[in-house]
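Under full-length UniProt numbering, residues 1 to 906 are what the sequence shown spells out, in order. Heads up, the beta-carbon is just placed ideally off N, CA and C, and yes, glycines get one too. Everything numeric in this text was worked out from a predicted model, so none of it was measured. Structure record follows, encoded as structure tokens.
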Amino acid sequence: MLDGTEDEEKFLASGIAGLQQNSFYMHRALDSNNLKDALKYSAQMLSELRTSKLSPHKYYELYMRAFDQLRKLEMFFEEETRRGCSIIDLYELVQHAGNTLPRFFGRLAVLKLSLISDEEDLKYSRYLLCTIGSVYIKSKEAPAKDVLKDLVEMCRGIQNPVRGLFLRSYLSQVSRDKLPDIGSEYEGDADTVVDAVEFVLQNFTEMNKLWVRMQHQGPARGMEKREKERNELRDLVGKNLHVLSQIEGVDLDMYKDVVLPRVLEQVVNCKDMLAQFYLMDCIIQVFPDEYHLQTLDVLLGAYPQLQPSVDIKTVLSQLMDRLSNYAASSAEVLPEFLQVEAFSKLSNAIGKVIEAQPDMPTFGVVTLYSSLLKFTLHVHPDRLDYADQVLGACVEKLSGKGKIADNKATKQIVALLSAPLEKYNDVMTALKLSNYPRVLEYLDVPTNKVMATVIIQSIMKNGTQISTSDEVEALFELVKGLIKDSDGILNDEADEDDFKEEQNSVARLIQMLYNDDPEEFLKIIDTVRKHILTGGPKRLPFTVPPLVFSSLKLVRQLQGGQNENPFGDDVLITPKKIFQLLNQTIETLAGVQAPELALQLYLQCAEAANDSDLEPVAYEFFTQAYILYEEEISDSRAQITALHLIIGTLQRMHIFSVENRDTLTHKATGYSAKLLKKPDQCRAVYACSHLFWIDDRDNMKNGERFNGKVILVKLNYLILHLPTIQHQKEFKFCSLCLNTLPPAPMTAVCVCAHRPQFLLATVHSPPLLLAVQSCQLCSSKCPLLCGGHATTMVTSPPESMDEIERALRIANAAQQMSNAARGSTGSVVLFIEILNKYLYFFEKGTPEVTVASIQSLIELIMNEMQSECATADPAADAFLASTMRYIHFQKQKGGTVGEKYESIKV
Numbered sequence: 001m002l003d004g005t006e007d008e009e010k011f012l013a014s015g016i017a018g019l020q021q022n023s024f025y026m027h028r029a030l031d032s033n034n035l036k037d038a039l040k041y042s043a044q045m046l047s048e049l050r051t052s053k054l055s056p057h058k059y060y061e062l063y064m065r066a067f068d069q070l071r072k073l074e075m076f077f078e079e080e081t082r083r084g085c086s087i088i089d090l091y092e093l094v095q096h097a098g099n100t101l102p103r104f105f106g107r108l109a110v111l112k113l114s115l116i117s118d119e120e121d122l123k124y125s126r127y128l129l130c131t132i133g134s135v136y137i138k139s140k141e142a143p144a145k146d147v148l149k150d151l152v153e154m155c156r157g158i159q160n161p162v163r164g165l166f167l168r169s170y171l172s173q174v175s176r177d178k179l180p181d182i183g184s185e186y187e188g189d190a191d192t193v194v195d196a197v198e199f200v201l202q203n204f205t206e207m208n209k210l211w212v213r214m215q216h217q218g219p220a221r222g223m224e225k226r227e228k229e230r231n232e233l234r235d236l237v238g239k240n241l242h243v244l245s246q247i248e249g250v251d252l253d254m255y256k257d258v259v260l261p262r263v264l265e266q267v268v269n270c271k272d273m274l275a276q277f278y279l280m281d282c283i284i285q286v287f288p289d290e291y292h293l294q295t296l297d298v299l300l301g302a303y304p305q306l307q308p309s310v311d312i313k314t315v316l317s318q319l320m321d322r323l324s325n326y327a328a329s330s331a332e333v334l335p336e337f338l339q340v341e342a343f344s345k346l347s348n349a350i351g352k353v354i355e356a357q358p359d360m361p362t363f364g365v366v367t368l369y370s371s372l373l374k375f376t377l378h379v380h381p382d383r384l385d386y387a388d389q390v391l392g393a394c395v396e397k398l399s400g401k402g403k404i405a406d407n408k409a410t411k412q413i414v415a416l417l418s419a420p421l422e423k424y425n426d427v428m429t430a431l432k433l434s435n436y437p438r439v440l441e442y443l444d445v446p447t448n449k450v451m452a453t454v455i456i457q458s459i460m461k462n463g464t465q466i467s468t469s470d471e472v473e474a475l476f477e478l479v480k481g482l483i484k485d486s487d488g489i490l491n492d493e494a495d496e497d498d499f500k501e502e503q504n505s506v507a508r509l510i511q512m513l514y515n516d517d518p519e520e521f522l523k524i525i526d527t528v529r530k531h532i533l534t535g536g537p538k539r540l541p542f543t544v545p546p547l548v549f550s551s552l553k554l555v556r557q558l559q560g561g562q563n564e565n566p567f568g569d570d571v572l573i574t575p576k577k578i579f580q581l582l583n584q585t586i587e588t589l590a591g592v593q594a595p596e597l598a599l600q601l602y603l604q605c606a607e608a609a610n611d612s613d614l615e616p617v618a619y620e621f622f623t624q625a626y627i628l629y630e631e632e633i634s635d636s637r638a639q640i641t642a643l644h645l646i647i648g649t650l651q652r653m654h655i656f657s658v659e660n661r662d663t664l665t666h667k668a669t670g671y672s673a674k675l676l677k678k679p680d681q682c683r684a685v686y687a688c689s690h691l692f693w694i695d696d697r698d699n700m701k702n703g704e705r706f707n708g709k710v711i712l713v714k715l716n717y718l719i720l721h722l723p724t725i726q727h728q729k730e731f732k733f734c735s736l737c738l739n740t741l742p743p744a745p746m747t748a749v750c751v752c753a754h755r756p757q758f759l760l761a762t763v764h765s766p767p768l769l770l771a772v773q774s775c776q777l778c779s780s781k782c783p784l785l786c787g788g789h790a791t792t793m794v795t796s797p798p799e800s801m802d803e804i805e806r807a808l809r810i811a812n813a814a815q816q817m818s819n820a821a822r823g824s825t826g827s828v829v830l831f832i833e834i835l836n837k838y839l840y841f842f843e844k845g846t847p848e849v850t851v852a853s854i855q856s857l858i859e860l861i862m863n864e865m866q867s868e869c870a871t872a873d874p875a876a877d878a879f880l881a882s883t884m885r886y887i888h889f890q891k892q893k894g895g896t897v898g899e900k901y902e903s904i905k906v
């Protein structure tokens, strides 16, 4: 046995087959000019539409096939009338076509509608009557209004609602361009527009009744299916309202007095939820906006009369959205809104609708007020009190509901709160709305974060200037969902990427806060600090850095006015006190497992203190950075990064005394020697060489002993740091010029700032040692260089080693381990890097860096790369080639630079 779907397909196929067969014979008869047979077969073709076994969807498919054939038949009739055939003769012929077609039209239309005994024949023959009636109107042999009146009356009496709907839809379709409208070729007397409107309204009323009646055609268990079928047929009814809106003669007065009251009467009286919702939506969509504005009382008065189950929020929101767009289209229409008091009427209507539907969900309530606020912002952009009134009314309706968890409702609240931001492009305007934060309180934690992000994005997009502490306080109350966790509970379930993006947006917001007045700027910083320090350990690494840099911005602002106190004589706010506040702020990062970040910020503050000539403050920041390095940073990669930051920052400092600088420099050099990997040690040590060089000689402090000899000693010891295979036997060479020394003890010269003292140095390997001895004049430990003219020998071995000696021992041990583990000396990249340092100080004019020392190092590198035990390294080859190209380039420059490089052979 076939199920319902298969049965329906079977009936549809049978109907299509019958329709196609009869349409074939109809066309053959038309080609033969046999009108009698053509009408007979057309009537038989239309009889296929009598079926009640098809769903509306399937019936529509069959109907459209019949409609196409009727259009061809209508075209044939029109062609016959153009050839001179009288339409009355056609009706006479139709009248005798198998006794199938009845007479129709009143006396004024020449033909009468006769009664026939077969009601079923009358049903399907009405399609032909509508077709011939359309041709009859076009012939203008009778007034259009009379023909239309008879046609609409002729369609009465069909009991099956589906067939009745499609028949009246066909009538509306064939007559829509033949209405007696103003300016139409079928226009009649002065009341002709009334006749056209009456025809459409009557057809609309009957179709709506048939549509509503569909829900009662069958058992209760099939109600859901029938409602779905009804929904599929709704456009058949709505087309009548569209036709009404296209009638030129329907002006505002006629719409207000006739059309709208009649349509609303039918909508309210049908008491059907589906029909009321759809038809109210149609009214809003098809008629002009100015008509809605001028009939707002009538239209809004119908909403409380609708069924409680009707989704009023949607249609009312659509009305307000259309009016909002109408107001935004031109400033010239705004006086009309003021004249009819649209805001007051809409606000009252929303209140009445909510009262009439006490079970309206929160989503519906917020949707209504969101649309009303959008309308208010478009129509009354200068009336912030109206916008605040809408928000207050929304808060009143939401009172007692607590945090809203419904996803749809929270989205609407976000839309409600976003409307002022989008309209004014200024968060400060939203801050003036007293009820704005009250609405925000009803959002749950995730949605509160979304709204806070929207607010921050609006500020950044529009470049909003927030320049007072009070404004910052109000703003941070709005975005507190991103600044701290609700009730102090951290949401661990938050997506890590989303969390980082949220906190980055907060950081960008902090950077935008500024005021030219230092006193107000300090208040802003204090306000921000108060809020972000409550953010918890996960947020502080994102929010503390922008606060620190904003504070440093204030410090530099104060530096520009050092000669006068910008805060007046009564208040003494200095950079020193700001640095004290910064020290306390950065300390919070050390407690949240962010020592690397804290170290960077300490160094930034130290550099700012250097620019402010605050040596004790700068030294304290360096001390804190060193403490973090020693106690908190244990990862080797983090140590390397931190150490290079320390060295780079220290190199730029000019405020330190000789003693303080020596202390910090020796500490940094000591850290370099303690790095885990030997290449990292080497790079850190030669980076420290910059700490012994000052470009700005004019600002060199008295007693500073930074000179080229010390730098060269460090670089040469780095070369000792990297002995090759052929160096494993005992060797001796000068650490200054790299010249090989004889096996006998060599004479070395103290490189301290005083006159040379003749000392003895003997280099042995392994281990490589360099003798040092206290200077007789300054008691400093001085590394030894070769001295060809020494006259005094000292044979005592060294008792202690300075930091360079430690680097030498570590590097030598590393090279030996590399040779033992890999059987090769490894890459010469570090040698090439040291060569580049030589070239740097050579260009800076360091007299102790000579062409001979550079040439010796180049030869050492070449020998090492050509050694049998050398490891192939394309990167090292490319690095060396680039260095050699640089030397050639400098030679080709000519002038002083070219002369300096000319003696270097490559």
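Query: When you compare only the Cα positions, how much space is there between D382 and E631?; Result: 60 Å
Query: Per DSSP, what kind of secondary structure is I404 in: helix, strand or coil?; Result: strand
Query: Less than 8 Å separating the beta-carbons of V906 and A876?; Result: no
Query: Flag this pair as yes or no: are the beta carbons of L260 and V212 separated by less than 8 Å?; Result: no
Query: Any idea what DSSP makes of L30, helix, strand or coil?; Result: helix
Query: Leaving aside the five residues before and after E899 along the sequence, list all residues of the same chain whose C-beta is less than 8 Å from its C-beta, in chain order.; Result: none
Query: Give me the Cβ distance between V544 and T585, rounded to the nearest whole Å; I'm assuming they're in contact under 8 Å.; Result: 6 Å
Query: Around the Cβ of P56, are there at least 16 other Cβ atoms within 10 angstroms (buried) or fewer (exposed)?; Result: buried
Query: May I ask which residues mark the beginning and end of the alpha helix (DSSP H) holding T429?; Result: 427-431
Query: To the nearest whole angstrom, what separates the beta carbons of V479 and A507, a pair I think is in contact under 8 Å?; Result: At roughly 12 Å, the Cβ-Cβ gap does not stay under 8 Å, so V479 and A507 are not in contact.
Query: Our contact map puts L372 next to L346 with C-beta atoms below 8 Å; I'd like the distance itself, whole angstroms only.; Result: 6 Å
Query: Check whether the Cβ atoms of I547 and P575 lie closer than 8 Å to each other.; Result: Contrary to the premise, residue 547 reads as Leu rather than Ile in this sequence. Not closer than 8 Å, so no.
Query: Thinking C-beta only, is L296 closer than 8 Å to residue 909?; Result: No answer is possible for residue 909: the residues shown for the chain start at 1 and end at 906.
Query: Below 8 Å on the Cβ atoms is my contact criterion, and I expect N348 with V395 to pass it. Report the Cβ-Cβ distance as a whole number of Å.; Result: At roughly 18 Å, the Cβ-Cβ gap does not stay under 8 Å, so N348 and V395 are not in contact.
Query: Taking the CB atoms as reference points, tell me whether V366 and T376 lie closer together than 8 Å.; Result: no
Query: Expressed to the nearest angstrom, what Euclidean distance is found between the alpha-carbon atoms of M862 and I646?; Result: 34 Å
Query: Is the beta carbon of I459 sitting closer than 8 Å to the one on L384?; Result: no
Query: Counting C-beta neighbours from all protein chains within 10 Å, is the total for I182 16 or more, i.e. buried, or is it exposed?; Result: exposed
Query: My assumption, with CB atoms under 8 Å, is that F363 sits in contact with Q412. Please give the rounded CB distance.; Result: 6 Å
Query: Use the C-beta contact count for H216: other C-beta atoms within 10 angstroms, 16 or more gives buried, fewer gives exposed.; Result: exposed
Query: Suppose contacts are defined by Cβ-Cβ distances below 8 Å. Is L368 in contact with K313 by that definition?; Result: yes
Query: Compute the Euclidean distance between the alpha carbons of Q315 and D321, then round it to the nearest angstrom.; Result: The question names Gln, but residue 315 is Val in the sequence shown. Computed Cα separation, rounded: 10 Å.
Query: Bridge partners of L540, per DSSP?; Result: Per DSSP, none; premise fails for L540.
Query: With a 10 Å radius around its C-beta and 16 neighbouring C-beta atoms as the bar for buried, classify F889 as buried or exposed.; Result: exposed
Query: Leaving out five residues before and five after V414 in sequence, what residues of the same chain have Cβ atoms less than 8 Å from its Cβ?; Result: L443, T447, V450, M451, V454
Query: Do you know how far the Cα of I858 is from the Cα of E833?; Result: 11 Å
Query: Determine the direct distance from the alpha carbon of Q681 to that of F549, and round the result to whole angstroms.; Result: 32 Å
Query: Which residues mark the beginning and the end of the alpha helix (DSSP H) in which A196 is found?; Result: 192-213
Query: Using the C-alpha atoms, what's the distance from R221 back to Q202?; Result: 33 Å
Query: Among residues of its own chain, excluding the 5 on either side of Y127, which ones have a beta-carbon nearer than 8 Å to its beta-carbon?; Result: L46, L49, A66, L70, L167, Y170
Query: Please work out which residues of its chain come closer than 6 Å, Cβ to Cβ, to L599, disregarding the five sequence neighbours upstream and downstream, and give them in chain order.; Result: A625, L628, A642
Query: Is the distance from the Cβ of L675 to the Cβ of Q651 below 8 Å?; Result: no
Query: Excluding the 5 residues preceding and the 5 following S14 in the sequence, name in chain order all residues of the same chain whose CB lies nearer than 6 Å to its CB.; Result: none
Query: Between which two residues does the alpha helix (DSSP H) containing Q307 stretch?; Result: That residue, Q307, is in no alpha helix (DSSP H); it is neither H nor E in DSSP.
Query: Can you tell me the Cβ-Cβ gap for I283 and V263, rounded? I've got them flagged as a contact below 8 Å.; Result: 6 Å
Query: Please state the DSSP three-state secondary structure of L830.; Result: helix
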